[in-house]
Amino acid sequence: MSDSVNYAKLFGFKSIPAAVIFAVCYIPLCVWFISQAIKRRTYVVFTVTLFCVMRVSAFVLRIVLIASENVGENESVFITDEVLFSIGFFGLLFGAYGLVLDRLSLLTVPKAYDNPLTFLMHNRKLFHLALIAGMIMGIIGISDSTSSTPSSSGSTLRKASVVVFVVLTILQAYQTIILVMSERSENPEVIAHYFGNSIGARHDAQIFVGISALLLIREIYMLATIGSSTTQNRESTWYPFVALPELMCVMLYALPGIIPPPAPSIVTPLSNR
Numbered sequence: 001m002s003d004s005v006n007y008a009k010l011f012g013f014k015s016i017p018a019a020v021i022f023a024v025c026y027i028p029l030c031v032w033f034i035s036q037a038i039k040r041r042t043y044v045v046f047t048v049t050l051f052c053v054m055r056v057s058a059f060v061l062r063i064v065l066i067a068s069e070n071v072g073e074n075e076s077v078f079i080t081d082e083v084l085f086s087i088g089f090f091g092l093l094f095g096a097y098g099l100v101l102d103r104l105s106l107l108t109v110p111k112a113y114d115n116p117l118t119f120l121m122h123n124r125k126l127f128h129l130a131l132i133a134g135m136i137m138g139i140i141g142i143s144d145s146t147s148s149t150p151s152s153s154g155s156t157l158r159k160a161s162v163v164v165f166v167v168l169t170i171l172q173a174y175q176t177i178i179l180v181m182s183e184r185s186e187n188p189e190v191i192a193h194y195f196g197n198s199i200g201a202r203h204d205a206q207i208f209v210g211i212s213a214l215l216l217i218r219e220i221y222m223l224a225t226i227g228s229s230t231t232q233n234r235e236s237t238w239y240p241f242v243a244l245p246e247l248m249c250v251m252l253y254a255l256p257g258i259i260p261p262p263a264p265s266i267v268t269p270l271s272n273r
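Numbering of the sequence shown is given in the UniProt record's numbering, commencing with residue 1 and proceeding in unit increments.
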């Protein structure tokens, strides 16, 4: 008798159609953002493009894991798929954080919401270091905790990674609330001057609220299922609470004007005209 373990079946990978649908949905988004990355070369476009490429790769890999018994029993392929799904979130949160900060920096209203927490949140290096730390812990934790010989340290690192991303997602949501409050006091002409009249420019704060809510839904689910990788990967809940919110976030990033042009292309402030 074979002692081989089918990791895809063990962790609840069952639906090929669901994985195909999500892979197909990401392909046009991937093509769109690649074309934008070539034209615009901004850090946000690059990170969202990388996220889309990771998601297409991960869903294709998931299809193969489910369809092929031999691949499903390959521990390295399974871990690679799990790592791709885990680290991709970095791009979505990184993009939301950077865009909200960029828009806040251009507002002319007094910074009425400045406080020590806001000051720390505006430290891009600190936020990025925390993101990288969470990503590294996640990679090591997933690789260890889902292997054939899991250890308690791997599970601890995986849980710590989830907690880090939850905290950073909450901080980003708080920052988005500050943006909404600040823009309510801003002169509409200033916003139109910097970003134009596209849907992303006119409704950016509301769109970022939507992005933050979707990111929170994902992370709350990850936190609620932190104790079990099997429960976390259950398709009946993983697709609606993890895969779908991520896809909707990318679709919101694709709205015209939500990602502004590079700094040299942004016109000068009204006061200098």
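Even for Gly, the Cβ is constructed at its ideal location relative to N, Cα and C.
Just so we're clear, the structure is a prediction, and the values are computed from it rather than from any experiment.
query	result
Go through its chain and collect everything with a Cβ distance to F11's Cβ below 7 Å, but skip five positions before and after it.	S229, T230, N233
Buried or exposed: which applies to V31, given that a residue is buried once 16 or more other Cβ atoms fall within 10 Å of its Cβ?	exposed
Find out if the Cβ-Cβ distance for the pair C25, L247 is shorter than 7 Å.	yes
Taking just the CA atoms, how far does I258 sit from A112?	Only weak support exists for where A112 lies, its pLDDT of 48 falling under 50; the value from the coordinates is given anyway. Straight-line Cα distance between these residues: approximately 24 Å.
Let me know the secondary structure DSSP gives F241 once reduced to three states.	helix
Skipping 5 residues on each side, what residues in its chain have a beta carbon closer than 7 Å to that of I16?	I63, I66, A67
Taking the straight line between their C-alpha atoms, what separation do you get for N70 and Q172?	42 Å
Specify whether the segment 212 to 222 and the segment 164 to 181 touch according to this definition: at least 3 beta carbon pairs, one from each stretch, less than 8 Å apart.	yes
With a cut-off of 8 Å, do at least 3 Cβ pairs link the segment 77 to 95 to the segment 139 to 146?	yes
Quick check on the burial criterion: 16 or more other C-beta atoms within 10 angstroms. Buried or exposed for M135?	buried
Output the distance between the C-alpha atoms of R158 and S105, rounded to the nearest integer angstrom.	34 Å
Candidates T42, R55, I178: which alpha carbon is nearest L107's?	I178
Leaving out five residues before and five after A19 in sequence, what residues of the same chain have Cβ atoms less than 6 Å from its Cβ?	F59, R62, I63
So, G88 versus V44, is the Cβ gap smaller than 7 Å?	no
Measuring alpha carbon to alpha carbon, tell me which residue in F22, A23, P28, Q36 is nearest P256.	Q36
Closer than 7 Å by C-beta to V162: which residues in its own chain qualify, once you throw out the five before and the five after it? Chain order, please.	M222, L223, I226
Helix, strand or coil for R40? Go by DSSP, reduced to three states.	helix
Alpha helix (DSSP H) containing H128: first to last residue?	124 to 145
Check each candidate in A96, L50, R55, L84 and name the one with the smallest Cα separation from V209.	A96
Would L168 and I211 be called neighbours here (beta carbons separated by less than 7 Å)?	no
Which same chain residues end up closer than 6 Å to M137 when comparing Cβ atoms and leaving out the 5 residues on each side of it in sequence?	L157, A160, S161
Could you tell me whether the Cβ atoms of F33 and T47 are closer together than 7 Å?	no
Which residues in the same chain as V83 place their Cβ atom closer than 6 Å to its Cβ, once the five residues preceding and following it in sequence are excluded?	I139, I142
In this structure, how does DSSP classify R234 when only helix, strand and coil are distinguished?	coil
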